[in-house]
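Down below is the structure, laid out as structure tokens.
Residue numbers (the working numbering): 32 to 236.
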């Protein structure tokens, strides 16, 4: 939402932390005071995300490969998996490989191939920069670039220090002080200064 939408909005509990709101609710005997936080997609209800997508996007099975191109399994559709995912790959013990879990490190859309590697700290799970498009700044007056701020690339992530610069054709380059795990194309990067949200963009790669 833009500044025009927000400048007359009132958030009566906006200065309270959620923990304090829960304490107030408990004191008032509200049944929701201890209700579990919602972290899923609210409009699809209590069902698996894969089941929901399957109703609208027909899955096309393909190979699961290691970085060197060795086929070690089959997937049911690359759109059902995300970077850094471990669960649901269906890869058991693989001959001549370590006894470590497998993680998605890339998706080759053209070839319909899911690329995986072993180990939670595998180097290909981490990136120090990203490129983003479809930039949206909340304030009408855009921040001057280069910009030194913090950013999040996933929900509940702690703020990560970064610098934001312009690239050609309306793209942004975001460089992080520390490597970030499983930066995922199609998701948002959101920019902050302290508690203030500046805006965001769609991660391209």
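Using N, Cα and C, we set each Cβ at its ideal position, and we do this for glycine too.
Per the DSSP secondary-structure output, residue 93 pairs in a beta bridge with 106. DSSP places residue 203 in the uninterrupted beta strand (DSSP E) bounded by 203-212. Excluding the 5 residues flanking it on each side, residue 179 has same chain C-beta neighbours closer than 7 Å at 194, in chain order. The region 58-69 makes no contact with the region 84-93; the number of CB pairs closer than 8 Å stays below 3. For residue 88, the CB contacts under 8 Å within the same chain, skipping 5 residues up- and downstream, are 108 and 110 in chain order. As the crow flies, the alpha-carbon of residue 140 is around 13 Å from that of residue 114.
Between the C-alpha atoms of residue 212 and residue 173 there is a straight-line separation of about 28 Å. Bridge partners of residue 163 according to DSSP: 203 and 234. Shown here, residue 179 sits in a strand according to DSSP, grouped into three states. In this structure, residue 163 places its C-beta atom within 7 Å of the C-beta atom of residue 203. Residue pairing by DSSP leaves residue 36 without any beta bridge partner.
Going by beta carbons, residue 120 and residue 133 fall inside the 7 Å limit. In terms of Cα proximity to residue 224, the closest of 234, 217, 60 and 191 is 191.
Secondary structure of residue 136 (DSSP, three-state): strand.
Scanning its chain for C-beta atoms nearer than 7 Å, with the 5 sequence neighbours on each side dropped, one finds around residue 75 the residues 83, in chain order. Under DSSP, residue 148 shares a beta bridge with 134.
Judged by DSSP in its simplified three-state form, residue 153 adopts coil rather than helix or strand.
In the DSSP secondary-structure assignment, residue 224 is bridged to 227.
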